[in-house]
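Take the sequence shown: its position 108, counting from 1, is numbered 575 in this note's numbering, and each next residue is one higher.
Ideal Cβ placement from N, Cα and C applies to all residues, glycine included.
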Amino acid sequence: NPQWLINCLSSVIRDASLHPFEIDEIHNLGLEKDVELLFHQALASRDILEYVWKNEQVDFLLNLMERLMLLSPWGFDKNECYLIPSLLNEKFNGQNSGTRCVFDFSSTFLPNGVFQRLVCFCIAYSGSQSS
Numbered sequence: 468n469p470q471w472l473i474n475c476l477s478s479v480i481r482d483a484s485l486h487p488f489e490i491d492e493i494h495n496l497g498l499e500k501d502v503e504l505l506f507h508q509a510l511a512s513r514d515i516l517e518y519v520w521k522n523e524q525v526d527f528l529l530n531l532m533e534r535l536m537l538l539s540p541w542g543f544d545k546n547e548c549y550l551i552p553s554l555l556n557e558k559f560n561g562q563n564s565g566t567r568c569v570f571d572f573s574s575t576f577l578p579n580g581v582f583q584r585l586v587c588f589c590i591a592y593s594g595s596q597s598s
């Protein structure tokens, strides 16, 4: 059912200002920090994904989103988290003392979604190198 799939994906990749979660329900379930992590750092915990997908087909949806490069396992934390690059919306303002890579797309056209997939690829690669 394509509509079911779109509904599941859009329940995660969403604009928090237009489609907020039910605050009372999130509070009762103790998922406040998970929602904050999702919308401020684009990191989704397994708990928040199980909540938004109503514990239905969670492994299938995670696998699908990973294969489509819509999310990537975040292997830099002890908790099971996933980076969802489409939810990143802030520019980095801090200092970076480590290695960094810069992609300049200012002189060419970059289709929507390509950068997010590139981020997923880089996170997956660096996560596999650190383990």
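Counting along the chain, where does the beta strand (DSSP E) carrying Cys568 start and finish? The count along the sequence shown starts at 1 and reaches residue 568 at position 101. Looking at the DSSP string, Cys568 is not in any beta strand (DSSP E), and its letter there is neither H nor E.
I'd like the span of the alpha helix (DSSP H) that includes Trp520, first residue to last. Here residue 520 refers to the residue found at position 53 of the sequence shown. Looking at the DSSP string, Trp520 is not in any alpha helix (DSSP H), and its letter there is neither H nor E.
Distance check for Val586 and Phe527, CA to CA, integer angstroms please. Position 60 of the sequence shown holds residue 527. Position 119 of the sequence shown holds residue 586. Answer to the nearest angstrom: the Cα atoms are 22 Å apart.
Closest Cα partner of Ile551 within the set Phe570, Pro487, Gln508 and Asn530: Position 84 of the sequence shown, counting from 1, holds the residue named residue 551. Residue Gln508 is the option with its Cα nearest to Ile551.
Going by DSSP in three states, Leu498 sits in which element: helix, strand or coil? Here residue 498 refers to the residue found at position 31 when the sequence shown is read from its first residue. In the structure shown, Leu498 sits in coil (DSSP, three-state: anything other than H, G, I, E or B).
In three-state terms, what does DSSP make of Leu510? Start at 1 with the first residue of the sequence shown, and residue 510 comes out as number 43. Three-state DSSP puts Leu510 in a strand.
Could you tell me which of Trp471, Lys521, Ile493 and Phe506 sits nearest to Cys485, measuring between CA atoms? Along the sequence shown, read from residue 1 onward, the residue named residue 485 stands at position 18. Here residue 485 is Leu; the residue named in the question, Cys, does not match the sequence. The option with the nearest alpha carbon to Leu485 is Phe506.
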